[in-house]
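Here's the structure, in structure tokens; my notes come after.
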Amino acid sequence: MGVIKSLNKWANAHTYYPIDIIRVALGVFLVIKGVNFMGNTVQLLEVIKPMRSVIGEMMAIHYVAPAHFLGGILIAFGLLTRWAVIAQLPILVGAVIINFSGEMNTNNLILSLTALVLCIFFAFYGSGKHSIDKFFKMQQ
């Protein structure tokens, strides 16, 4: 608990609006990808085709789309940001692996690597000063 408190204190002392805008943009991107996967499960099945024997298709469909959708909303608003980002990490690591094991799509690789790096950053940084987490903490 002490480590999280010290990370929050550091993050709140070094919070700037561009970092919050990046957090919101990451959340919106994940929501859009979640909605896209929910509306087009055939595309999701095509994406996970190289890993079909490793994970179950239904498990991937029922985890990836809701995790992106709900996690993106939480990240965008800055509510439980670290937990939401941690839920995104296996999906994004899988997206990078799928790009190397299947057909190499440079655009998808860049998007998934960028999202992965941002999620790792926000796992340590937290939600920042301009978030619902900070608002609730100030209400105590």
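First residue of the sequence shown: 133, per our numbering; consecutive thereafter. Glycine residues also receive a C-beta, built at the ideal position from the N, C-alpha and C atoms.
C-alpha of residue 232 to C-alpha of residue 243: approximately 14 Å in a straight line. Here residue 258 carries a coil assignment [DSSP, helix/strand/coil]. Around the beta-carbon of residue 175, fewer than 16 other beta-carbon atoms lie within 10 Å, marking it exposed. A contact between stretches requires three or more CB pairs, one per stretch, nearer than 8 Å, and the region 146-166 meets this requirement with the region 201-209. Residues of the same chain with a CB within less than 7 Å of the CB of residue 193, apart from the 5 flanking positions on each side, are 173, 176 in chain order. Counting C-beta atoms within 10 angstroms of its own C-beta, residue 246 has fewer than 16 neighbours from the protein chains shown and is therefore classed as exposed. DSSP, read as helix, strand or coil, puts residue 270 in helix. When the Cα atoms are used, residue 167 and residue 264 turn out to be separated by approximately 23 Å. Around residue 222, the same chain offers no residue with a beta carbon nearer than 7 Å, after the five sequence neighbours per side are excluded.
Your pair residue 224 and residue 248 checks out as a contact, with CB atoms roughly 4 Å apart and the cut at 8 Å.
In this structure, DSSP gives residue 138 a helical state, which the three-state scheme calls helix. Secondary structure at residue 149: helix, using DSSP grouped into helix, strand and coil. Residue 204 is a Cβ neighbour of residue 159, given a cutoff of 9 Å. Residue 214 is a Cβ neighbour of residue 255, given a cutoff of 9 Å.
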